[in-house]
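Here's the structure we're looking at; comments come further down.
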Amino acid sequence: MTSGTGPPVVRLLHVTDPHLMRDESLEIYDVNTARSLRLVLDQALAPGGVRPDAVLVTGDIADDRTAEAYAHFRAQLRRYGLPVLCLPGNHDRPELMARLLEGDGFRYCSRSDLASWSIVALDSHVPGDPAGRLSPAELARLEAELRGTRGRHVAVCLHHPPLPVGSRWLDGVGLLNAPDLLAVIDAHPHVRLVIAGHVHQAFDATRGPVRYLTTPSTCAQFTPRTEQCLMDLRPPGYRWIELRGDGTVDTQVAWLEDWVVSRRPTDNRDQFMS
Ligand SMILES: [Fe+2]
Numbered sequence: 002m003t004s005g006t007g008p009p010v011v012r013l014l015h016v017t018d019p020h021l022m023r024d025e026s027l028e029i030y031d032v033n034t035a036r037s038l039r040l041v042l043d044q045a046l047a048p049g050g051v052r053p054d055a056v057l058v059t060g061d062i063a064d065d066r067t068a069e070a071y072a073h074f075r076a077q078l079r080r081y082g083l084p085v086l087c088l089p090g091n092h093d094r095p096e097l098m099a100r101l102l103e104g105d106g107f108r109y110c111s112r113s114d115l116a117s118w119s120i121v122a123l124d125s126h127v128p129g130d131p132a133g134r135l136s137p138a139e140l141a142r143l144e145a146e147l148r149g150t151r152g153r154h155v156a157v158c159l160h161h162p163p164l165p166v167g168s169r170w171l172d173g174v175g176l177l178n179a180p181d182l183l184a185v186i187d188a189h190p191h192v193r194l195v196i197a198g199h200v201h202q203a204f205d206a207t208r209g210p211v212r213y214l215t216t217p218s219t220c221a222q223f224t225p226r227t228e229q230c231l232m233d234l235r236p237p238g239y240r241w242i243e244l245r246g247d248g249t250v251d252t253q254v255a256w257l258e259d260w261v262v263s264r265r266p267t268d269n270r271d272q273f274m275s
């Protein structure tokens, strides 16, 4: 949290969908995912730059669902000494994450209070399904957190975006029970923001009083607004999010500099969505 003349501002670094693997030499769509995450973090958290209050990671951390991939993730992030707020994506293994990404600055699917904001991280993972769903228990947990945070501002975080992003193939594997989540959000006007991953592209929309964001992956991107999967030539990316004391949000997507993709990788939807 930063101090100044105005109300406190909370700064989040949002990174998502790093798709790490046990073997750090492996690539997805011509991108070495361990290297691209390292370069993203090095750029975003360069000495002398903005130091966020926390790093938010919205899933697909381990592409191959291995403990080794989570260990690599932990090693990469802990270099910075920042709180790391995590939740699972369709690729992840929630029970492994809960064990390996909790403690020593890491928090798994929890509520974190930062200044006047509460960050609530949810589990939308469905075993064997690229699409997501919030279980009744998870929706009840959100309800309870929202009842306990009245008077604060809330950012709800999950892997699968609850709004369509405009690509038919991706919207078909989004949050299957999005209306359930939206109904909870509608009933709690102190929810200001929803942050998701999964779609490997930037999305920024407003529904009622709530802002909905997604963020480019730290590895390869999908081209926005396509009928079928089409890889994008854009570089690895991330997002800065400023949570203001008055409940408003300021945000900016950033891309890895000096990154050259010379050819568009061929479509292989199964690789990302399995
Ligand atoms: Fe992903």
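Numbering of the sequence shown is given in this note's numbering, commencing with residue 2 and proceeding in unit increments.
Cβ atoms here follow ideal geometry from the backbone N, Cα and C, with glycine treated the same way.
Identified DSSP bridge partners for residue i
i	result
Y239	A255
Q222	D233
E28	N33
L57	H15 and L86
T216	Answer by DSSP bridge pairing: none, since T216 is not bridged.
V250	L244
A47	Answer is none; A47 lacks a bridge partner.
A63	L21
Cα-Cα separation, residue i to residue j
i	j	result
T34	I62	10 Å
T3	S168	Confidence at T3 is low in this model, with a pLDDT of 46, below 50, so the placement of that residue should be treated as unreliable; the coordinate-derived value is given next. When rounded, the distance between both Cα atoms is 37 Å.
L97	D65	12 Å
F107	H126	19 Å
E243	E146	22 Å
Q229	W170	5 Å
D124	A141	12 Å
E144	I196	17 Å
E28	G60	18 Å
L234	L115	36 Å
L194	P210	9 Å
L86	V58	6 Å
L101	G129	21 Å
T207	L182	15 Å
L231	P225	9 Å
F204	T216	7 Å
V277	Y239	Outside the shown range of the chain, which is 2 to 275, sits residue 277, and nothing can be said about it.
H189	R245	19 Å
W260	P236	6 Å
A138	R112	15 Å
C110	A99	8 Å
R334	T67	In this structure the chain extends from 2 to 275, so residue 334 is not present and cannot be described.
R212	D247	14 Å
R148	D187	13 Å
P131	T227	18 Å
G152	D251	20 Å
P180	R36	38 Å
Check whether residue i and residue j have beta carbons under 9 Å apart
i	j	result
H191	T150	yes
D121	V157	The identity of residue 121 in the sequence shown is Val, whereas the question assumes Asp. Yes, the pair counts as a contact, with Cβ atoms nearer than the cut-off.
V16	L42	yes
N178	L135	yes
Q253	F223	no
W241	A255	yes
W118	H161	no
A76	R23	no
G175	G133	yes
V185	D31	no
G198	G49	no
Cβ distance (whole Å) where residue i is taken to contact residue j below 8 Å
i	j	result
L257	L40	6 Å
D18	T219	7 Å
D172	P165	4 Å
L14	A45	6 Å
L88	L159	6 Å
H73	E25	6 Å
R12	V51	6 Å
Chain B within 9 Å of residue i, Cβ atoms only
i	result
C158	The displayed structure is made up of one protein chain only, and chain B is not part of it.
>> At 3 residues or longer, what runs of the beta strand (DSSP E) sit wholly inside the region 72-157?
In response: Taking 3 residues as the shortest admissible run, the region 72-157 contains the following complete beta strand (DSSP E) segments, listed from N- to C-terminal end: 85-87, 107-109, 112-115 and 118-122.
> Curious, which full-length beta strand (DSSP E) runs of at least 3 residues does the region 149-210 contain?
Replying inline: Counting only runs of at least 3 residues, the region 149-210 fully encloses the following beta strand (DSSP E) elements, listed from N- to C-terminal order: 154-158, 192-197 and 204-208.
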